[in-house]
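Presented below is the structure to which this report refers.
Numbering (the working numbering), first residue to last: 23 to 783.
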């Protein structure tokens, strides 16, 4: 067989072939050490294999010209031809390349255990198969690297690249949770994406630097240093903040400052506003559009008075110190105004119940408020307010008795998330709550949430007497209180004819008979149709429902459906008060055990009830399997928001350790074999123990999420079990009236998968 050696192949070409394995713009001898030992050993033997026509592009991040593109494509074609010959002829082709002056005796060298120590063969001292492998690695890397140089992505129009970059570089998240701790979403958020685009190649860098919108999310400010400090002048954290401020030019910026503790700064705390990078961020206060500012009282008092003409959303919290010098929440009084003017402010989050001199001016343009003010009267300062949420210890809400309740016609959504044992009441006889001092006639969404210990009577009285109009415009009502009587529900329902979503705490089923068809319950002779209570009700959510008489809930759904169908078939025109026939009832529980217990009551599955099954029963075994699978197969990607582990509840001491050693995977393999060999007979058990859904989640894990999956095939075996169990589950589901949610905490009667969400604008 003839030999074909292309002209111009030399040692430098081989070195470039190896270098092509490195990331863009990075070369050096350290890469040779990272290769397999035989690859570096063969470097001088097959160095004449191929060369690059554009070594300067491989060593930098430039873009090839049209002439260079032609040369690169020709080099790729020749390298592919050599690779095809190598793949077709294998070791024989490798021998031809190794010995261009003539072939030695082939048989000894074809033996992998034989070596060629003779110096005339250029010092080749390793098995021949290794040479073939190394040649394949070098050629493949050469082709991949040069194909990247002529890739069309390097020549996209700049406008299209900017759109792609903007989609990848997501905006810095705006924290909204009630906590003084460092927001986890900011810890996970990274600013490296913008930097990566500017360091890929010269063209991408030019495009990235020409798009200031990629740099508007300023890095998280969590440390400050004096201007003359080495940390402030190094190429590190402070430099990065200044870099983003510079590259964002004059566009609006998103600022996140978290400095609640004294150890997060160097220098004089009284002069914190002059420390870097806080000083640089404050200089651009006129560009702030969203801001999170969590600072200690000392740092807040050191901030200057500034104007924020573009500020649209502000999350402000003065984190009060604990320990000997602690300040009780609600006792902090700011001494000066920091946010002097905020004409465009629409969203304000203000936790900690501070009292600032300019608080009323800050609230003036706001349309959405979240927090806990010192007094309900502060809402009068926000005539444009549409959404309001009180969260925190509402029992500390200060309220003196004003001459009359004030009226706020703008609020359409009000939410109370109380962390106290009970709502605040005023007067020696507990005769009023703060709802007595505010009228909201245009309210569409009202949510009262808490630990489930709020007294119902004073709240209901103040809502009906003062807060709500009669009839009200409520479309969604969340009422997490205990001991609501049937007569109180009757008054509430009568004031809410437009209600679509009702979310209540555990109530007796007899109290919900009000939602039945009133005409079917009549015992007299009257022929006048009585109206339904809550005719537009679409979603009914009951928390921690415990009444065993669940038949009343089923009667509510069926009676409404029958009534709506009879009206539509008997009348050509719509009913004056149409009934929503698609009512869905959700029974929501905090723990899967309570949900499973009530599911057994509904379906009559006492033989599989958790906590009451016989020791060693099939249910006990499957529940143990489910818990083991959750803790040992799910949660490797727990840092992701869509982590499968978050969909399930489990018992024990938490998730098991990740697969770190081969024996860990062997134990899991043995366990999975036990599950595979067991013959399931009852699909109800698979659904109640969530074993079917857990195995589905394992099957759907991303590739590489489970270590040693390429050896034990955990995901594919889980998929086979799902396929095997599917007929059993489908058969058992045919007779089911109530469906269970994926997380095992909610039972559903109806067609909707989740409750309707009412949004106001």
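We put the beta carbon where it would ideally sit given N, CA and C, even for glycine.
Residues in the same chain with beta-carbon distance under 8 Å from residue i, minus the five sequence neighbours each way, listed in chain order, please.
i, result
"residue 782", "408, 409, 434, 435, 466, 467"
"residue 349", "319, 342, 343"
"residue 773", "604, 606"
"residue 332", "274, 308, 309, 310, 311, 366"
"residue 287", "245, 246, 247, 281, 294, 297, 321"
Output needed for residue i: all residues of its chain with C-beta closer than 6 Å, excluding positions within five of it in sequence on either side, in chain order.
i, result
"residue 531", "569, 571, 574"
"residue 498", "467, 523, 780"
"residue 214", "none"
"residue 743", "717"
"residue 404", "385, 388"
"residue 501", "470, 526"
"residue 528", "566, 567, 568"
"residue 48", "With a pLDDT of 35 at residue 48, under the threshold of 50, the modelled position of this residue cannot be trusted; read the value that follows with caution. None."
"residue 296", "none"
"residue 355", "377"
"residue 227", "220"
Within 10 Å of its beta-carbon, does residue i have 16 or more other beta-carbons around it, so buried, or fewer, so exposed?
i, result
"residue 621", "buried"
"residue 177", "exposed"
"residue 312", "buried"
"residue 344", "exposed"
"residue 203", "exposed"
"residue 140", "Residue placement at residue 140 cannot be trusted, given a pLDDT of 43 that sits under 50; what the coordinates show is reported in the next sentence. It is exposed - the Cβ of residue 140 has fewer than 16 other Cβ atoms within 10 Å."
"residue 653", "buried"
"residue 56", "Any answer about residue 56 is weak, because its pLDDT of 36 lies below 50 and its placement is not dependable; what the coordinates show is given next. Exposed."
"residue 626", "exposed"
"residue 775", "exposed"
"residue 104", "buried"
"residue 229", "buried"
"residue 308", "exposed"
"residue 428", "exposed"
"residue 553", "exposed"
"residue 374", "buried"
Could you check which residue in the options has the C-alpha nearest to that of residue i?
i, options, result
"residue 247", "302, 725, 214, 615", "302"
"residue 310", "271, 641, 756", "271"
"residue 706", "756, 613, 729, 198", "756"
"residue 491", "510, 511, 501, 519", "519"
"residue 728", "744, 712, 688", "688"
"residue 370", "390, 359, 405", "390"
"residue 606", "284, 778, 432", "778"
"residue 411", "438, 366, 332, 429", "438"
"residue 100", "721, 199, 75", "75"
"residue 314", "172, 200, 720, 556", "200"
"residue 557", "601, 576, 641", "601"
"residue 160", "98, 197, 207, 185", "98"
"residue 172", "157, 95, 770, 461", "95"
"residue 478", "460, 503, 488", "503"
Assuming residue i and residue j make a contact with CB atoms under 8 Å, what is their CB distance in whole Å?
i, j, result
"residue 714", "residue 747", "5 Å"
"residue 211", "residue 188", "With 8 Å as the limit, residue 211 and residue 188 do not qualify as a contact, their Cβ atoms being about 16 Å apart."
"residue 329", "residue 363", "5 Å"
"residue 368", "residue 393", "So it is not a contact: roughly 15 Å between Cβ atoms."
"residue 360", "residue 322", "7 Å"
"residue 282", "residue 316", "5 Å"
"residue 617", "residue 768", "7 Å"
"residue 341", "residue 318", "6 Å"
"residue 238", "residue 183", "So it is not a contact: roughly 17 Å between Cβ atoms."
"residue 216", "residue 191", "5 Å"
"residue 737", "residue 721", "6 Å"
"residue 515", "residue 576", "Going by Cβ atoms, the distance from residue 515 to residue 576 rounds to 20 Å, so no, they are not a contact pair."
"residue 431", "residue 383", "Not confirmed; about 21 Å, so no contact."
Kindly indicate if chain B contains any beta-carbon less than 7 Å away from that of residue i.
i, result
"residue 215", "In the structure shown, chain B does not exist; there is a single protein chain."
Can you name, in chain order, every residue of its own chain whose Cβ lies under 7 Å from the Cβ of residue i, other than the five neighbours on each side?
i, result
"residue 484", "454, 455, 457, 458"
"residue 512", "536"
"residue 734", "687, 691"
"residue 517", "486, 490, 492, 493, 494"
"residue 207", "195, 197"
"residue 683", "Below a pLDDT of 50, predicted positions are generally treated as unreliable, and residue 683, at 49, falls in that range; no measurement from the model is reported."
- Message: List, from N- to C-terminal side, the alpha helix (DSSP H) runs of 4 residues or more that fit wholly inside the segment 431-518.
- Response: 478-484, 508-516
- Query: What are the uninterrupted segments assigned as alpha helix (DSSP H) that are 4 or more residues long and contained completely in the segment 363-407, given in chain order?
  - Reply: 381-385
- Query: Fully enclosed by the segment 192-250, which alpha helix (DSSP H) runs are 4 residues long or longer?
  - Reply: 206-210, 214-219, 224-231
- Message: Extract the residue ranges of the beta strand (DSSP E) inside the segment 279-325, only unbroken runs of 3 or more that lie entirely within it.
- Response: 310-317
- Mind listing, in chain order, the continuous alpha helix (DSSP H) runs of no fewer than 4 residues lying wholly within the segment 707-783? 713-721, 731-734, 736-755
- Task: For the segment 72-112, list the beta strand (DSSP E) runs that are entirely contained and at least 3 residues long, ordered along the chain.
- Result: none
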